[in-house]
Each structure stands twice: as structure tokens, then as C-alpha cells.
Amino acid sequence: MRLKRTVSMVTVLVDVPWQTEAVQTVPEESRSQGTIRMKMYVKYLRAGANIVVLLFAGLVNLLAQGSYVMQDWWLAYWAGEQEKLSSTNSSTATNGTNSTKLDLGFYLGVYGGNLLHTQSALFLSLFLCFLLIREPCWFPAGLTAATILFGFVRNLLLFSVLVKAAQSLHNSMFNAILRAPVRFFDINPIGRVLNRFSKDIGQVDSMLPWTFTDFIQVFLQILGVIAVAASVIPWILIPVLPLLGLFLFLRRYFLQTSRDVKRLESTTRSPVFSHLSSSLQGLWTIRAFGAEERFQNAFDAHQNLHSEAFFLFLTTSRWFAVRLDGMCSVFVTITTFGCLLLRDQLDAGSVGLALSYAVTLMGMFQWGVRQSAEVENMMTSVERVMEYTELESEAPWETKKRPPPGWPSKGLVTFDGVSFSYSNDSPPVLHGLQAMFQPQEKVGIVGRTGAGKSSLVSALFRLAEPQGKIYIDGVVTSDLGLHDLRQKMSIIPQVSSKWN
1 MRLKRTVSMV
11 TVLVDVPWQT
21 EAVQTVPEES
31 RSQGTIRMKM
41 YVKYLRAGAN
51 IVVLLFAGLV
61 NLLAQGSYVM
71 QDWWLAYWAG
81 EQEKLSSTNS
91 STATNGTNST
101 KLDLGFYLGV
111 YGGNLLHTQS
121 ALFLSLFLCF
131 LLIREPCWFP
141 AGLTAATILF
151 GFVRNLLLFS
161 VLVKAAQSLH
171 NSMFNAILRA
181 PVRFFDINPI
191 GRVLNRFSKD
201 IGQVDSMLPW
211 TFTDFIQVFL
221 QILGVIAVAA
231 SVIPWILIPV
241 LPLLGLFLFL
251 RRYFLQTSRD
261 VKRLESTTRS
271 PVFSHLSSSL
281 QGLWTIRAFG
291 AEERFQNAFD
301 AHQNLHSEAF
311 FLFLTTSRWF
321 AVRLDGMCSV
331 FVTITTFGCL
341 LLRDQLDAGS
351 VGLALSYAVT
361 LMGMFQWGVR
371 QSAEVENMMT
381 SVERVMEYTE
391 LESEAPWETK
401 KRPPPGWPSK
411 GLVTFDGVSF
421 SYSNDSPPVL
431 HGLQAMFQPQ
441 EKVGIVGRTG
451 AGKSSLVSAL
461 FRLAEPQGKI
471 YIDGVVTSDL
481 GLHDLRQKMS
491 IIPQVSSKWN
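Structure follows, in C-alpha cells:
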């Protein structure tokens, strides 16, 4: 029978004053301030594709919008040609066949473009054009086919990049959480982690791709509409440019508030998750002590605080929408009176195009500015996810230094000048500890709360990286990977647990 000896050993630890004791407190969740930097957009897009794919997606967007604009130009050109044909007297009567051919071909081309604008029966225009093999029909048919092709490829590319970016961010955040130090979970409640993995990832995964794609398309459509309108009616830029400046000013004024309100709404959601999680874990204790009403009141307080922030965000968005509607109405009114004043200098096609673009711009400007603001508000979720992807990670799980087979065989533990703190900005709990624990000894460590008893075990398992050296059977633990170190030791936790 093997004989074991028990030695009573007193180890003197530095008694940290109460003011500097490492008390586990829950700090307030941090919030970013200011605008969403362009660097954040670049990181978001680069998470979904490399620079070559992004440049190709931008080129396809330009080609799709160019073919779309050419259809509008073709509509104005057709209207002008029809006006010239109607004003012809003798030549039209003599050459009626050619007039009919030109009229029908142009009509089919414009009809195909209008079908495409309404997003219905896209291929019907091509079919009608090719029924009559006529020269004037080839150009609008080609525009229709190009718009369909480029539009399909554009949407496919954009959604592919943005969905892949959401998946990449989720995986990066998940890996960062797995590699985070144990101290991270001590100072961050589970509700904060759940909040980012549920609501923030939900925004990035489902809402942001649609909004981002819609914003890019509307932005390019606005540029195309302004370019075509300015080429046909240059004076339309007189009300457009001031209106655009007012839109940008109003957007900046609105985002200064809505962006921070959105961040506040995101942070006030975390206590709701934390309270629900802790209540479910301690449900038996809550019922045993009859604390249901107190916990219900605490949940209502957390939920009311979040609802206040969310309602404030909704009201600011509605305020922004009403102002945009008013400004767009003023623009349509100015354009209409301008056409009346210049009715002698403008033909029917130009007036129709100007009024059509005025009504179109009313919706495009409003929707484009609102979507751009919505994209920046949703980018706060990307910002919060990015914050967790850049968490400080633990030491490598495996290193080139591997423990010898059968290690540890004896159990000789030596602390050589070990100082230990739970984080870089927290006071040290252990100061230059010198101690040696012989094999097969039972050692009792006595000290008040905060003296550093549990910190010895934390330093031994490298829950935070200690300063100095810890030897186990002559092997420096800081040279080993965390898997090799922690798999070779075991611990009985202070808090008992019961499993069914």
C-alpha cells in the first residue's frame, strides 16, 4: 500500500487592500459615437468578396443603369419623331407605308421599355418586337434584353456578396467568442452576447442586404434620371441642385440623432436578454422565495426602457419622411410651373419627359435618402458585430512546445515571481509570489475575500496570462498550448452544480 503524507503549510499571500480588490462588476455596455466611417463599409464588403468581385459588381451596376437610362432616352426620341410625322402633310400622305412602319416599330420598342419599367411581362416586349422583323425595333429590343441581363446579374452579385458577408461576420464573431478569455464572460452578461447573435446578426443577415441593394439601385437611378433630364431639359437642374443640397443637409441633421438613438436601442435590448436568461436559470429559486412579482417588475422596467428607445427611433424616422415628402412636393410644383412658362420653347416629348421625371424624382429622392439613412442606421449592427470579431483572444491552443508523455507524473508545482491580474487595466491580485508545492501534499490556503486564493488556480490554468513563471514538474506552463495545459489538470469548482 502506498503511503501518502499530509503537510500543513502556510503560504503568505499579499493582502490586497479593499479599495483595490478585484471585484467582479458588470460595466455598462460600450457604445460607439459619431458617424459610421467609410472603413466600416469597406470591412463589411470585403468580408463578402475580394476587391476584384466588388469592382465587377460595380461595373455591372453601371451597365444595368446605363441600359435603363437608354430606354428613357428612346421614349423621348420616339415622342419627338411622332410629333414630326404628325406635322408632315403631303409627304406623309404619299409615303404612308413607311410612316406606318416607323410608327409601329417605335411603338413596340417603347412598349417593351414600359413593360420593363413595370417589372411585368419582361419577355413579352422581345417577343412582340421579333414578330415584326423591322429595323427600328432592333435597338429597343436590344436595350430590353441588356436591361434584363444586367439587372439579373446585378441583383445576383449584390445579394451573393452581402449574404456571404453576413455569414463571414457571424463565423468570425463566433470564433472570437470561443477564443475570448474567461474574464470576458465575467464582465459581459450572457444577454449582450445573445443580443449580438440574435438581433444584430438578424439585421445583418436579413434586412441589410435588401436595404443596401435597394439603396444602390435607387442611387444609380437618381443619377441616370438627372443625367437624361439635364440632357433634354437643362433648366431642370435649377430646382434639382438646391433640392439635392437640402436633402443632404436634412439627411445629415437626421442621422446625428437617429444613429445614436439606434445605438441606444441596441444597448437597451441587452438587459432584456440577460434578465430572461437569468430568470429561466433560477426559476426554481425565484418560485421558492416568492420573488415572482419582483422579477416581473424588473423585466417590465428593462422592457419599458427598450421600448422608449425603439419608439423614439420610429418617431424620428417618421419625422424625416414627412420633411422629405414636403420638399418633393415643392420640386414637382416648380417643375410644373416651369413647363407652363416655357411651353412655347418645349415640344410635347420634352414636357412629358420633364413632368414624368419630376414625379419620378419625387419618389426616388425621398426613397433614396431614406434608404441611405436606413443603411447607416443598420450599419450600427455591423459595427457591434465587428466589435466582437476584434476581441482579445487567449494564447494559442497548441504550440511547438509539447509536454512530455505522461506529464505531469509527480505534481511538483513551483511559483517563481508570479504576478497575476485579470486584465491589463485592473490592479494585480498576486504580487511576486514565491511558493513551492511538493508532490502528494495537501495544501490549505487561508485568506479573506479578495486575498487571491482563487487567483492561484486562475493563474495555474492561465485563465489570464500571469507574469513570472509557473513550473509543473519542471515544465514552464506558459510555453505550452492551452489545450495541452488544461487537458492534463482537473479542478473542482467552488460553486456546486446538480445535473439531472
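Following UniProt numbering, the residues of the sequence shown are numbered contiguously, the last one being 500. No residue lacks a Cβ here, since even glycine has one placed at the ideal position from N, Cα and C.
In this structure, Leu482 lies near Trp397, with their beta-carbon atoms less than 8 Å apart. Look at Gly224 here: in three-state DSSP terms it is helix. In the three-state DSSP reduction, Leu342 falls in the coil class, being neither helix nor strand. Leu283 counts as exposed, since fewer than 16 other C-beta atoms from the protein chains shown sit within 10 angstroms of its C-beta. For the options Phe150, Glu29 and Leu54, the alpha carbon positioned closest to that of Gly66 is the one of Phe150. Per DSSP, Ala451 lies in no alpha helix (DSSP H) segment and is marked neither H nor E. A straight line joining the alpha-carbon of Val330 with that of Leu312 spans about 28 Å. Contact between Ala176 and Leu314 does not hold, since the beta-carbon distance rounds to 32 Å and is not under 8 Å. Within the region 388–473, the complete beta strand (DSSP E) segments of 3 residues or longer fall at 413–420, 430–437 and 467–472, listed in chain order.
CA-CA distance, Glu293 to Arg287, rounds to 10 Å. Boundaries for Thr35: no alpha helix (DSSP H) harbours it, and the DSSP string shows neither H nor E there.
Rounded to whole angstroms, the separation of the alpha carbons of Arg318 and Thr335 is 26 Å. Within 10 angstroms of the beta-carbon of Ala166 lie 16 or more other beta-carbons, which makes it buried. Under DSSP, Val476 shares a beta bridge with Tyr471. Proximity of the region 30–44 to the region 260–276 meets the contact definition, three or more beta-carbon pairs being nearer than 8 Å. Around the Cβ of Glu374, a 10 Å sphere holds 16 or more other Cβ atoms; the residue is buried.
If you draw a straight line from the Cα of Leu143 to the Cα of Leu62, it comes to about 14 Å. In the three-state DSSP reduction, Met40 falls in the helix class (H, G or I). The residues Ile187, in chain order, have a CB closer than 7 Å to that of Pro27 in the same chain once the five nearest residues on each side in sequence are set aside.
With contacts defined by Cβ atoms closer than 8 Å, Arg154 and Val60 form a contacting pair. In this structure Ala57 touches Val161 by the C-beta definition: roughly 6 Å separates them, less than 8 Å. Less than 8 Å divides the Cβ of Leu54 from the Cβ of Leu45.
With fewer than three CB-CB distances shorter than 8 Å, the region 405–421 does not count as touching the region 297–304. With contacts defined by Cβ atoms closer than 8 Å, Glu376 and Arg252 do not form a contacting pair. As the crow flies, the alpha-carbon of Ala309 is around 18 Å from that of His275. Closest by C-alpha distance to Gln256, out of Ile36, Glu465 and Leu342, is Ile36. Contact between Ser419 and Ala464 is absent: CB atoms are separated by about 11 Å, not below the 8 Å threshold. Collapsing the DSSP output to three states places Pro239 in a helix.
Across the set Val429, Lys469 and Ser278, the C-alpha of Val429 shows the shortest separation from the C-alpha of Ala451.
Cβ atoms of Gly224 and Val69 come within 8 Å of each other, at about 4 Å. With a threshold of 16 other beta carbon atoms within 10 Å, Arg370 meets it and is buried.
Judged by DSSP secondary structure, Arg196 falls outside any alpha helix (DSSP H); it is assigned neither H nor E. The residues Ala166, Leu169, Ser381, Val382 and Val385, in chain order, have a CB closer than 7 Å to that of Val204 in the same chain once the five nearest residues on each side in sequence are set aside. Straight-line spacing of the CA atoms in Lys400 and Ala301 works out to 52 Å.
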